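Enquirer: Following this message is one structure expressed as structure tokens.
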Amino acid sequence: MSCCLKELCCRDVTFFRLIASGADKEISAVHVLLRENEISGSVPRRSFSMVADMATEKYRPPLLEVEKVLPILNRISLFGALDDTQLYTVFRMLETEQYRKGEFVFRQGDAPDHIRIIEKGRIRLVENVDGTPMELFEFGPGDCFGETSVLAIHPHTADALALEDTDLLVVPREKLFALYERDPKLFGMLMMNIAREASRRLNRTEEVMLHYALGRK
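Count along the sequence shown from 1, add 196, and you get the number used in my numbering.
Written as structure tokens, this is what we have:
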């Protein structure tokens with residue numbers, strides 16, 4: 197994909213809405229975009245192919261506003277060092293969930309299914325150890341959780357409770373691992389970021405458990 201077209205694809209929301217309306221419109225959408233931005237010259241055939249791919253069901257966009265979501269993704273350490281094109285790939289993987297205050301997103305022992313990002317609201321992780329609830333983390337807008345369980349493919353080690361009405365952006369586990377075939381470089385970057393985040397969370401969890409242990413003596 198040409199540099200100019202690639203840049204436009206990353207920032208032009210109208211363009212994405214055009215191509216999402218049907219694969220039969222992808223060529224005219226490209227020409228309209230180029231003409232409106234006063235870009236001349238031929239467009240590589242690969243560009244049309246990429247646009248067509250994005251317009252198919254395989255790349256069906258979620259009902260989210262790209263201009264609202266990308267800044268959120270850009271602030272999350274899990275997506276550190278990703279460029280705009282890679283962030284948009286993540287954006288197209290997103291789905292949404294809503295929880296009311298007092299609802300559980302998942303329970304301790306549940307199988308992991310998603311990486312979750314808080315768009316609005318607050319979530320508390322609470323681990324039950326020998327009948328004693330330990331508050332491990334409290335997350336707010338822009339924070340993500342559940343990623344370490346998805347990577348390790350082991351049951352969740354804590355409950356996730358909505359402290360208020362909460363909107364989540366979610367990356368389904370199957371879509372994440374599908375990147376291994378489609379975009380191995382991006383998949384590798386995400387795995388490294390998840391591993392780094394898991395290490396930080398482990399250190400924090402150990403501190404919390406030590407605090408509770410000392411408090412019981």
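Heads up, the beta-carbon is just placed ideally off N, CA and C, and yes, glycines get one too. Just so you know, these numbers come straight off a predicted model, no measurement behind them.
Terminal residues of the continuous beta strand (DSSP E) containing residue 329?
Expert: Indexing the sequence shown from 1 puts residue 329 at position 133. Its beta strand (DSSP E) spans residues 328-335.
Enquirer: Under a three-way DSSP split, which group does residue 297 fall into?
Expert: Walking along the sequence shown from the start, residue 297 turns up at place 101. Three-state result, residue 297: coil.
Enquirer: In chain order, what residues of the same chain have a beta carbon less than 8 Å from the beta carbon of residue 417, not counting five sequence neighbours either side?
Expert: Residue 417 is absent from the structure shown; the chain starts at 197 and stops at 413.
Enquirer: Using the Cβ count rule (16 or more neighbours within 10 Å means buried), how would you classify residue 302?
Expert: Position 106 of the sequence shown, counted from the start, is the residue given in the question as residue 302. By the 10 Å Cβ count, residue 302 comes out buried.
Enquirer: Is it buried or exposed for residue 355, if we count other Cβ within 10 angstroms and need 16 for buried?
Expert: Locating residue 355 in the sequence shown gives position 159, counting from the first residue. So residue 355 counts as buried.
Enquirer: Thinking residue 317 and residue 361 are a contact (beta carbons under 8 Å), I'd like their distance in whole angstroms, please.
Expert: Counting from 1 along the sequence shown, the entry for residue 317 is found at position 121. Counting from 1 along the sequence shown, the entry for residue 361 is found at position 165. Confirmed, about 6 Å.
Enquirer: Would DSSP call residue 370 helix, strand or coil?
Expert: As a first step, residue 370 is located in the sequence shown; it is residue number 174 there, counting from the start. In the structure shown, residue 370 sits in a helix (DSSP, three-state: H, G or I).
Enquirer: Quick one: what's residue 268 bridged to in DSSP?
Expert: Stepping through the sequence shown from its first residue, residue 268 is reached at position 72. Paired residue(s): none; residue 268 is not in a bridge.
Enquirer: Which two residues bound the contiguous alpha helix (DSSP H) that contains residue 288?
Expert: As a working mapping, residue 288 is identified with position 92 in the sequence shown. Where residue 288 is concerned, the enclosing alpha helix (DSSP H) stretches over 280-289.
Enquirer: What residues in its chain sit with their C-beta under 6 Å from that of residue 341, if we drop five residues either side in the sequence?
Expert: What you label residue 341 is simply residue 145 of the sequence shown in a count that begins at 1. Only 312 and 335 meet the Cβ criterion.
Enquirer: Are at least three pairs of beta-carbons, each pair with one atom in the segment 321-329 and one in the segment 267-283, less than 8 Å apart?
Expert: Touching, no.
Enquirer: Starting from residue 383, follow its DSSP beta bridges and name the residues at the other end.
Expert: As a first step, residue 383 is located in the sequence shown; it is residue number 187 there, counting from the start. None, per the DSSP bridge assignment.
Enquirer: My assumption, with CB atoms under 8 Å, is that residue 274 sits in contact with residue 390. Please give the rounded CB distance.
Expert: Within the sequence shown, the letter at position 78 stands for residue 274. Within the sequence shown, the letter at position 194 stands for residue 390. The Cβ separation is near 6 Å, so the contact holds.
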